[in-house]
Amino acid sequence: MPTDDDLLPLLTPRPYHDAALRTTILAASRRPIRRRVWLRRATTATGLIALVAASFFAGRGSVVIPEAVATASPPVHVESAPEPRPVPSEVTPPVEWTAEQYELKAELATESAEVAAYYRRAGDAFLKSRTDVKQAARCYRLHLAAAGPDGRAIAASDSWLLMALKN
Amino acid sequence: MPDESTARRDANDRRAALAGDADAWADWVGRTYAPVEAFVRWRCGGVKDLADDCLQETWLTAARTVRQFDPARGEFAGWVCGVARNVVRNQLRARRRHGARHRPLPEHAACPHRHDGTAVAEALAALPERHEAVLRAKYLDGRTVREIAADWGETEKAVESLLTRARDAFRAAYERSDHADR
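Those protein sequence lines, which keep their order, are chains A and B. For the first sequence, counting from 1, position 100 maps to 100 in our numbering; every step adds exactly one. For the second sequence, counting from 1, position 79 maps to 1079 in our numbering; every step adds exactly one.
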């Protein structure tokens, strides 16, 4: 087929092959590839050395730094706290007076409020410890007499006998 | 895009080369050397010393930068040809600088054989990639317009039109390069 392509002489490839050049190129280009093995080994070795060095200096640092801190910081004076006193395991209750003792206190008291309070305790003591209703009623009557009109109001702490007397 | 088996084989060769396996590299180069050599010699306009220098530099650059080759994006030979294209451009630029410093004697400068090849190389280097690719397919690979159209997924008319524009661009670049040499 005829052609008028004027570029054919310029762009048509001229077959040429240089076997020696190919061998040279192949040998030369193998070098950078082989170097990768050494590069990788060197990188691994460097990494290991760096790791060992880092571990060594970290170890030294853990010894040196606390020493430096210990020498640099001023001594701290710690005052010892006073030892707490031993707490008694059970509180000894105050000595409970007897009904007669309360009655005596009431007779010796000068204030009417005190008198009323001691007669009240004396009445409670007769009623609870001895179940002596007669004596208790007598002390409660004296309590009510000393307490006046204010003491006649019924309270929750009143014994049954005192409540009955107030009514 | 390369077919699956080629991509897999290229990926294996790349892995071996990156691991420092020089024998695998030699096999790989052996399989792709011929088309790359043909491209470089054509791209250098048949100028032997230029082509030899470019071939050596191309393969050394490929060996150093093989990590950048992506088997999923194209075949190894195509990637090396891309490297060669840049190498030829750089070589021509360096020779131009060198030639400006060392002007040849007039009787040597008039040698037509030497100038034809260099002017072809200069003209091809000045073309856009698409123009160079269609000229390569037509003149180096010896493909018909119909085959090129089928490969590229274009109509024959589009390829014919592109070929005409590429020829015109080449002629203009060749004229400029040839006049600059003389």
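Don't be surprised by glycine CBs; every beta carbon is placed ideally from N, CA and C. Just so you know, these numbers come straight off a predicted model, no measurement behind them.
Listed by position along chain A, the residues whose Cβ is nearer than 9 angstroms to that of Gly1046 (chain B) are Pro13, Arg14 and Tyr16. With a cutoff of 8 angstroms on beta-carbon distance, Ala1150 (chain B) and Leu1050 (chain B) are scored as not near each other. Taking a Cβ-Cβ cut-off of 7 angstroms, the neighbours of Val37 (chain A) in chain B comprise Gly1020, given in sequence order.
Pairing Ala136 (chain A) with Ala116 (chain A) gives a Cβ-Cβ distance that is not under 8 angstroms. The C-beta of Leu1162 (chain B) has 16 or more other C-beta atoms within 10 Å across all chains shown, which makes the residue buried.
By the 16-neighbour rule on beta-carbons within 10 angstroms, Ser1005 (chain B) is exposed. The C-alpha of Phe1076 (chain B) is placed about 30 angstroms away from the C-alpha of Tyr1174 (chain B).
Sixteen is the threshold: when 16 or more other Cβ atoms of the shown chains lie within 10 Å of the Cβ of Arg1041 (chain B), as they do, the residue is buried. Bounds of the alpha helix (DSSP H) holding Ile1148 (chain B) are Val1145 to Trp1152.
If you look at Arg1031 (chain B), you'll find it in the alpha helix (DSSP H) that goes Ala1022 to Arg1043. DSSP places Arg1015 (chain B) inside the alpha helix (DSSP H), whose first and last residues are Glu1004 to Leu1018. Closest by C-alpha distance to Val1036 (chain B), out of B:Ala1024, B:Gly1020, B:Asp1023 and B:Gln1056, is B:Gln1056. Chain A places no beta carbon closer than 8 angstroms to that of Gln1068 (chain B), leaving this residue out of the contacts. Taking C-beta atoms under 8 angstroms as the contact rule, Ala1024 (chain B) and Ala1017 (chain B) qualify, at a distance of about 6 angstroms. Where Leu161 (chain A) is concerned, the enclosing alpha helix (DSSP H) starts and stops at Trp160 to Lys166.
For Asp124 (chain A), the three-state secondary structure derived from DSSP is helix.
At a cut-off of 8 angstroms between beta-carbon atoms, Ala20 (chain A) makes no contact with chain B.
His1098 (chain B) and Asp18 (chain A) have their C-alpha atoms spaced approximately 26 angstroms apart.
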